[in-house]
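Following: one structure in structure tokens, then a few remarks.
Structure below.
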């Protein structure tokens with residue numbers, strides 16, 4: 039599916055570059071894995087090639103799409119359920135969808151909630167994770183640094 043050098047997104051870890059394709063034996067089963075070098079913290083993630091479709095791994099968006107997402111951030115409508123459990127589940131489903139606009143909704147709603155009322159420990163971790171997923175893909179797609187994208191994000195949701 040992908041080759042070394044391709045820029046791809048793992049829905050729960052964010053965007054990175056396929057660094058290598060390796061054969062690895064796990065639990066007695068030999069499988070091929072993509073070794074994904076994440077754009078944040080230089081973390082390495084191994085993704086089983088046969089599970090990519092099930093996981094939701096996809097190529098990063100194009101620069102034009104990244105520009106469109108960034109310009110539409112101020113217009114994103116947020117709806118925040120008062121029930122913590124329901125809000126957490128809904129946000130987790132949005133992140134797992136792999137849809138960058140859904141992740142942007144999570145980021146924006148949690149930033150606003152943090153400013154208004156503060157966040158629980160779970161939601162604070164979710165915000166950190168969602169921002170990492172969002173910013174990592176935007177930075178790779180737009181050829182920017184993490185800090186540059188984060189600054190634009192913070193400005194657009196203020």
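In this note's numbering, the protein residues as written are 39 to 196. Virtual Cβ for every residue (Gly too), placed ideally from N, Cα, C. Everything numeric in this text was worked out from a predicted model, so none of it was measured.
Under DSSP, residue 62 forms a beta bridge with 69. Distances from the CA of residue 103 to each of 137, 157, 132, 165 were compared; the closest alpha carbon is that of 137. Under the criterion of beta carbons closer than 8 Å, residue 72 and residue 85 qualify as touching, at roughly 5 Å. About 23 Å separates the beta carbons of residue 112 and residue 181, which is beyond the 8 Å limit, so they are not a contact pair.
Restricting attention to beta strand (DSSP E) runs no shorter than 3 residues, the region 127–182 encloses none. Sequence-distant partners of residue 177 (beyond 5 residues in either direction) whose C-beta falls short of 7 Å from its own C-beta, in its chain, are 77, 183, 184, 187.
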